[in-house]
Amino acid sequence: MKKRGLAIPYIIWMAIFVVSPLIIVIIYAFTNETGQFSLEHFQGMGLYSGVFGTSFFLAFVATAFCLLIGYPLAYVLSRESPNVRKISLILIMLPMWMNFLLRTYAWMSILESNGFLNRFLVFIGLPPLHIINTEAAVVIGMIYNFLPFMVLPIYSVIIKIDHKVIEAAQDLGANSIVVFRRIIFPLSLPGVLSGITMVFIPSVSTFVISKLLGGGMTLLLGDLIETQFLGNTYNPHLGSAISLVMMAIVMICMAVMHRFGEGEEEAVLL
Amino acid sequence: MKKRLFAIGITVCMVFLLAFASGCGKGSEKVVNVYNWGEYIDESVLKLFEKRTGIHVNYNTFETNESMYAALKNGGSNYDVIFPSDYMISRMIAENMLQPIDYQNIPNASKINLKDFNVQSALSYDPDGAYSVPYAWGTVGIIYNTKTVKNPVTSWGGLFDASNKGQILMFNNARDGIGIALKYLGYSLNTINKEEIKKATDLLIDQKQKGLVQAYVMDQIFEKMIGGEAAIGPYYAGDALTMIQENPDLAFCYPKEGTNLFVDAMCIPKNADNKENAGAFINFMCDPEIMVMNAKATGYAVPSRAAYELLDPEEQNSKLIYPDASVLKNCEIYKNLPQDVNAFYDSEWSRLTMAKSGS
Amino acid sequence: MRKHRVGSRLFIGLIALFLYAPIVVLIVFSFNATKSRTLWAGFSFEWYIKLFQDSRIMSACTTTLLVAVLATLIAMVVGTATAIGFSSMKKRPRSFFLLLNNIPLINADIITGVSLMLLFVFMGTALAGFGRIINHMVGTSTGFHVQLGFLTLLLAHITFDIPYVILSITPKLRQLDKNLFEAAQDLGAPPWQSFWKVVLPEIRPGIFNGMLIAFTMSIDDFVISYFTAGSGVSTLAMEIYSMTRKRISPEINAISTLLFLIVLLLLIIINIRQVRQDKTNARPDTMLSAIDTTEEDSAPYPTMNA
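From first to last, the protein sequence lines stand for chains A, B and C.
My numbering puts the first residue of the first sequence at 89, with every later residue one more than the last.
My numbering puts the first residue of the second sequence at 1316, with every later residue one more than the last.
My numbering puts the first residue of the third sequence at -6, with every later residue one more than the last.
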């Protein structure tokens, strides 16, 4: 077949718009303002270790919550009738049609000290909560925005599990806990891994959510990078260096997770 | 093999053609790209300008001088008219980012004179106006909610008062934010003594760690003060007036330690595509009637006697917009700082933003 | 068993409440009589009327839709061709290119945005230099430069849209019986025709699915647009962002409500049509059968062990 040529335009496209931008970022990171090779931006990175810590911690918390909510949801959905399934999936996708900035902004109205949540709490006789402009608000924003990215991949994997395998296990005397632990969970791991990736990366790099819901009180990596390019402290070289370090740490985390995940999968299957 | 070469050729051509087209395609339509502060214009003025001149206005807004500077420095975005403040203008002149203004295109500029308001000292950023035409001027003060702030507010100390815990808003940019602490400590806004800047930052960090600050904001202050979410914060006097109009519980004060006087002016960046349209736009904005429309919408002071005469008496007599000489005497204008002090400001500001807030 | 059902429905309901609370707030307050976004002051259509007179919001809306439609169409054509091209490659180059294809999906939006911005600016300077040489040689004074604007915005959107299309077509191609295509050719059909008549019908759900996701991503994107659109154009998301710095006008609530309702309506119509089609025809292949589900994988997610 001579259809390989069809891929050539896009391969060139990737070279121009996917690979070379990353090379430019690398070049920026390793040069200084005068264009000379320099490691100064990496050496100064220690100053921002706090930001790295906060960002990774908050992203971790948000991912954990998304998994805790998203996995059961995907599992429960997969056991519903096709019609309920279809409607639920559409319901999960649908919010994305309202711009995410606007939805996040609406959370401000809900979480504020005079917001809907507190008015409701006071109405039923509970003390109001202080959530807005804290890290908790940022995490809520992350969970809200990225939960669908956890549910959909897990769901699409669980739904494909062959029911006969489960029946076989049940016939062999496994109760539902054992079936879940030994069959469903291991088989759904690829979905879980891909969900974690799809939630963790946008969480660790967001700058909009922390700006809107964090009130400028929590500085995340995304904010730090944004302010180097279009914000208050212009320094694209430093911004590139921070981006690179962030990418590197994320890649290491993902690699470790996959190694761990795959090992687990095989162990259980054996 | 031939096919493959053909495909490569086509893709490369397409990319370049598209890129090329974007550069040329714009010339056919008359446009002016304007980059202004948020909430800093009466938007109907833009429509009026389009109607009168047939020039289409692409209007974008920025939040701080520094982010405007970053967007320009980045390259890629070509603005024809920008509205930086005093110190940023001198920085941009020094970095050769602005082009001299051709006053022949701007006859209305003759009506602009800051001397009429005793604030000509402010003009040190561009003494003979070679690069900039003043748009508005004003001062910074404290806006507070009389219902929720218990202690009387007369000083910057109100922003560090523990009785306002969790209700305080602060500026979200280094120069204004650290500037307040400098003034409160009795230093100059333009100090180049790093020890003083550090002390000021420490004060702000302490304020944050004690849980006094609710949020660091720029224009979000409108919503938070009007809606009663926050009780006290520093902001520009003109905007304070807008907020007081929407929420009568709010009041404004000039801190006794003195404050910042600023002038925002219209400039044309070096790489502007539409110089003539930029001139036409600036000229239009200098028309006294247009100045009055903008002044009424934004609440800032006009830099023109002719426009001032057209204002309502209550606006002319507002001590908030046109403060007394005694207040003005106490005001300082930001000056452009040496490169290393600017960098020090950046790293000190990062230190503040990274500090954990207490509760 | 019954109790179990109730419990799981309750759980789904709670999640739906979490997902839709802000949307309800937005829609309700698009009908508010004042600008407040927390205090209800009475019912009014004021913001809907104002919306249609606001040229900035309307033009941002046009830009958003135009970019999304163009990017989706281009991504569909390029993505389909590429997926077919990839499928006929040997395993090693294919998995290498699929890995590259995953980069825009896995990479943080902010890095994609920033790096594309740097690229466009770099191309701009390079082209300007190139233009100067040409002008010098030919003696003209044509302007050569890339400035951030509609074009760069479109290029960026195409770049992050194509991977979704490829990822949703690839599994369909894998299921495709390769002999089918060859059989068609043996029977004398020219390659183009055998593609059109044999391959395309098989992968159509994948294409639709990819387009739907690409379009959704384009509409929802803010971060990449923010860095690549520059001065001349702004999308709805950018307009909203510049408003979050002060006060969001309820006009934005109004336009979002309208867009939301249009999508809802479309989905309902498609669904009804599909239910009817299911009754007459055993093979559903509209857009939503792609989101669904019971069928084999068409997961548009980068799975790393692929």
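Cβ coordinates follow ideal geometry from the N, Cα and C atoms, glycine included.
Owing to the predicted nature of the structure, the values given are computational and were not obtained by experimental measurement.
Does any CB atom of chain B fall closer than 8 Å to the CB of N202(A)?
-> N202(A) belongs to the set of residues whose beta carbon lies under 8 Å from a beta carbon in chain B.
What is the DSSP secondary structure of E1591(B), counted as helix, strand or coil?
-> Helix.
Assign Q1522(B) to one of three DSSP states: helix, strand, or coil.
-> Looking at Q1522(B) - three-state DSSP - the assignment turns out to be helix.
With a 10 Å radius around its C-beta and 16 neighbouring C-beta atoms as the bar for buried, classify V268(C) as buried or exposed.
-> By the 10 Å Cβ count, V268(C) comes out exposed.
Rounded to whole angstroms, what's the CA-CA distance from V1532(B) to A1437(B)? Just pull it up for me.
-> For V1532(B) and A1437(B), the distance between alpha carbons rounds to 26 Å.
Measuring CB to CB, does G1369(B) end up less than 8 Å from K1525(B)?
-> The criterion of a C-beta distance shorter than 8 Å is not satisfied by G1369(B) and K1525(B).
Identify the contact partners of V1532(B) in chain A, using a Cβ-Cβ distance below 8 Å as the criterion.
-> Those are G303 and G304, listed as they occur along chain A.
From the DSSP output, read off the bridge partner residues of P1584(B).
-> The partner list for P1584(B) (beta bridge, DSSP) reads L1413(B).
What residues in its chain sit with their C-beta under 6 Å from that of L275(A), if we drop five residues either side in the sequence?
-> These residues qualify, in order along the chain: I249.
Is any beta-carbon of chain B found at less than 8 Å from that of V106(A)?
-> Output row for V106(A): interface = no.
Would you mind sorting Q1654(B) into buried or exposed? The rule is 16 or more other CB atoms within 10 Å of its CB.
-> The residue in question, Q1654(B), is exposed, as its Cβ has fewer than 16 Cβ neighbours within 10 Å.
So, does the CB of F317(A) fall closer than 8 Å to a CB anywhere in chain B?
-> Contacts with chain B at 8 Å (Cβ-Cβ) include F317(A).
Which runs of the alpha helix (DSSP H) fall wholly inside the stretch 168 to 240 of chain C and span at least 4 residues, in chain order?
-> Within the stretch 168 to 240 of chain C, the runs of alpha helix (DSSP H) that reach at least 4 residues and sit entirely inside it are, in chain order, 171 to 179, 184 to 187, 193 to 213, 216 to 221 and 229 to 237.
Opening and closing residue of the alpha helix (DSSP H) in which A121(C) lies = Residue range D102 to V131 is occupied by the alpha helix (DSSP H) that includes A121(C).
Got a sec: which bits of the stretch 1539 to 1569 of chain B sit with their beta carbon under 8 Å from any beta carbon on chain A, in order along the chain?
-> Taking 8 Å as the Cβ-Cβ cut-off against chain A, the residues of the stretch 1539 to 1569 of chain B that qualify are G1542, G1543 and E1544.
Taking Cβ positions, are F201(C) and A61(C) nearer each other than 8 Å?
-> In this structure, A61(C) does not lie closer than 8 Å to F201(C) by Cβ.
Listing by chain order, which chain A residues have their CB less than 9 Å from the CB of D1401(B)?
-> What D1401(B) touches in chain A: nothing, since even the nearest Cβ is about 17 Å away.
Per-residue contacts from N187(A) into chain C (C-beta, under 8 Å) = What N187(A) touches in chain C, judged by beta-carbon distance under 8 Å, is I212, D213, F215, L229, A230, I233 and S249, going in chain order.
Would you mind working out which of N100(C), T228(C), S242(C) and P243(C) sits nearest N1373(B), comparing C-alpha positions?
-> Per the Cα distances, T228(C).
Whole angstroms is fine: what's the gap from L318(A)'s alpha carbon to R173(A)'s?
-> Between L318(A) and R173(A), the C-alpha separation is close to 43 Å.
By the 10 Å Cβ neighbour count, where 16 or more other Cβ atoms means buried, how is S197(A) classified, buried or exposed?
-> When all chains shown are included, S197(A) counts as buried.
If you drop the 5 nearest sequence neighbours on each side, which residues of the same chain put their C-beta closer than 6 Å to that of A1622(B)?
-> Cβ neighbours of A1622(B) beyond the five flanking positions: P1603, M1606 and V1607.
Assigned secondary structure, C1339(B) (DSSP; H/G/I helix, E/B strand, else coil) = Reliability fails at C1339(B), whose pLDDT of 43 lies under 50, so the model's placement of it is uncertain and the value that follows must be treated cautiously. Note: C1339(B) maps to helix in three-state DSSP.
Just the chain C side, please: which residues come within less than 8 Å of F1537(B) by C-beta, in chain order?
-> Residues of chain C passing the Cβ test: K239 and R240.
Closer than 8 Å to chain A by CB, M1412(B) | Residue contact with chain A for M1412(B): absent (no Cβ-Cβ distance below 8 Å to any residue of chain A).
Do three or more CB pairs link the stretch 214 to 234 of chain A to the stretch 281 to 291 of chain A at distances below 8 Å?
-> Three or more Cβ pairs closer than 8 Å define a contact, and the stretch 214 to 234 of chain A meets that threshold against the stretch 281 to 291 of chain A.
Could you confirm whether any beta carbon from chain C is found closer than 8 Å to the beta carbon of M335(A)?
-> Chain C, which has a Cβ nearer than 8 Å to the Cβ of M335(A), makes this yes.
At a Cβ threshold of 8 Å, is A307(A) touching chain B?
-> A small fix is needed here, since residue 307(A) is Leu in this sequence, not Ala. At least one chain B Cβ lies under 8 Å of L307(A).
In the stretch 1507 to 1585 of chain B, which residue ranges form an unbroken beta strand (DSSP E) of at least 3 residues, counting only runs that do not cross its ends?
-> Taking only runs of at least 3 residues, the beta strand (DSSP E) segments lying wholly in the stretch 1507 to 1585 of chain B are 1528 to 1532, 1547 to 1551, 1565 to 1568 and 1575 to 1581.
A1555(B) and G1456(B) look like a contact to me (Cβ under 8 Å); what is the Cβ gap, rounded to whole Å?
-> So it is a contact: roughly 7 Å between Cβ atoms.
If you count every other CB in all the chains shown that lies within 10 Å of the CB of S1400(B), and 16 or more means buried, which is it?
-> Buried is the call here.
Nearest to A1612(B) (by Cα), restricted to the options V1656(B), M1558(B) and N1632(B) | Minimum Cα distance to A1612(B) is reached at M1558(B).
Which residues in the same chain as E200(A) place their Cβ atom closer than 8 Å to its Cβ, once the five residues preceding and following it in sequence are excluded?
-> Excluding residues within five positions, the ones whose Cβ falls inside 8 Å are N206 and I220.
CB M238(A) to CB D213(C), shorter than 8 Å?
-> Going by C-beta atoms, M238(A) is not nearer than 8 Å to D213(C).
Return the Cβ separation of K28(C) and R240(C) in integer angstroms, given the expectation that the two are a contact with Cβ distance under 8 Å.
-> Right, the Cβ-Cβ distance comes to about 7 Å (below 8 Å), so this counts as a contact.
6 Å CB neighbourhood of F143(C) in its chain, flanking five on each side removed | Closer than 6 Å at Cβ, skipping near neighbours: V226.
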